[in-house]
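Student:
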Amino acid sequence: MKAAVDAAGAHAPAGRTVRVWDPLVRIGHWTSALAVAVAWLTHEGPAFVHDNAGYLALAIVALRTVWGFVGPERARFSDFVRGPRATLAYARAFLEGRAPRHLGHNPLGGWMILVLLTTVALTGLSGWLLTTDAFWGSEPVERLHDLAADLLLLLIPLHVVGVILASLRFRENLVLAMLTGRKRAG
Ligand code: HEM
Ligand code: HEM
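Residue numbers for the sequence shown follow the working numbering, beginning at 5 and rising by one.
#1: Between which residues of its own chain and residue 2 is the CB-CB distance below 8 Å, once the five residues before and five after are set aside?
#2: So, helix, strand or coil for residue 21, using DSSP?
#3: Sort 80, 103, 146 and 45 by Cα distance to residue 118 and report the nearest one.
#4: Can you check the segment 37 to 97 for any alpha helix (DSSP H) of at least 4 residues that lies completely inside it and give the ranges in chain order?
#5: What three-state label does DSSP hand residue 175 in the structure shown?
#6: Does the distance between the C-beta of residue 37 and the nearest non-hydrogen atom of ligand 1 fall short of 6 Å?
#7: Since residue 125 contacts residue 62 with CB under 8 Å, what's their CB separation in whole angstroms?
#8: Please state whether the Cβ-Cβ distance between residue 162 and residue 171 is less than 7 Å.
#9: Work out the CA separation of residue 186 and residue 23 for me, nearest whole Å.
#10: Going by beta carbon distance, what residues of the same chain come within less than 7 Å of residue 19, once the five residues before and after it are set aside?
#11: Output the distance between the C-alpha atoms of residue 50 and residue 41, rounded to the nearest integer angstrom.
#12: Taking just the CA atoms, how far does residue 43 sit from residue 53?
#13: Is residue 105 helix, strand or coil by DSSP?
#14: Which one of 116, 142, 184 and 149 has the shortest CA to CA distance from residue 30?
#15: Hey, how far is the Cα of residue 16 from the Cα of residue 189?
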């Protein structure tokens with residue numbers, strides 16, 4: 005039987021798929037992506053939609069963060085967050101076309117995930133602060149909110165480009181995998 009190997013060293017027959025992303029990761033991903041898009045598109049109003057879409061994104065990021073410590077193996081930060089040295093080595097290998105495939109997130113994707121989660125959290129939290137008595141109308145908080153929201157507009161396309169490049173490099177549809185939760189085993 006033909007066997008294949010992934011970065012974790014797991015051997016599997018060709019054609020077989022394995023479950024990688026649990027429902028919380030998948031539903032959370034697409035719901036938060038939609039919520040961020042709705043919050044962005046409604047920043048000029050209605051405030052009710054803008055604020056609640058932002059709160060939804062914030063709640064999912066909070067849940068995902070907890071899940072990163074207590075969730076299944078592939079959802080855990082410990083599975084995909086690597087140190088700077090390993091991440092740079094992976095980036096170099098990727099550029100040279102010899103990066104190993106990861107069944108979970110790869111080290112570059114892992115850092116992008118941390119940056120995205122942090123920036124969505126920063127946007128949502130600063131937005132919430134603007135509704136409190138203490139920070140209502142606060143210019144620094146408004147600036148932080150605008151800056152974090154603008155940063156998202158830069159990070160999201162970068163994230164999508166990363167997903168496309170990795171999909172091409174490893175000949176697999178990562179968007180489909182984020183929908184079905186399954187990837188080819190080897
Ligand atoms: C507001 C927009 C978005 C945000 C905040 C976001 C955030 C994230 C996060 C946090 C993850 C990690 C998933 C996890 O383990 O929980 C992730 C993974 C992923 N995202 Fe997004 N995402 C966004 C938009 C998109 C879009 C538009 C696409 C598709 C074109 C996409 C495709 C993916 C894929 C395929 C993965 C899995 C990557 C892998 O296989 O390692 N994302 N995203
Ligand atoms: C990820 C979620 C969010 C995104 C992407 C987002 C995005 C934005 C953007 C682009 C603006 C316009 C900034 C400008 O005028 O240049 C804005 C303004 C605003 N947002 Fe949000 N927002 C989010 C969450 C929230 C939340 C949760 C709240 C409050 C509950 C909120 C409250 C506000 C308020 C009060 C303003 C007007 C003040 C200002 O101009 O900074 N936002 N938001």
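For each residue, glycine too, the CB sits at the ideal point set by N, CA and C. Please read these numbers as outputs of a predicted model, since none were measured by experiment.
Tutor: In terms of the structure at hand:
#1: Missing from the structure shown is residue 2; the chain here goes from 5 to 190 and no further.
#2: strand
#3: For the residues 80, 103, 146 and 45, the minimum Cα distance to residue 118 belongs to 80.
#4: 51 to 74 and 81 to 84
#5: coil
#6: yes
#7: 7 Å
#8: no
#9: Cα to Cα, residue 23 sits roughly 4 Å from residue 186.
#10: none
#11: Residue 50 and residue 41: Cα-Cα distance of roughly 14 Å.
#12: 7 Å
#13: coil
#14: 184
#15: Here the model assigns residue 16 a pLDDT of 47, short of 50, so the residue's position is not dependable, and the following value carries that caveat. For residue 16 and residue 189, the gap between their C-alpha atoms comes out near 6 Å.
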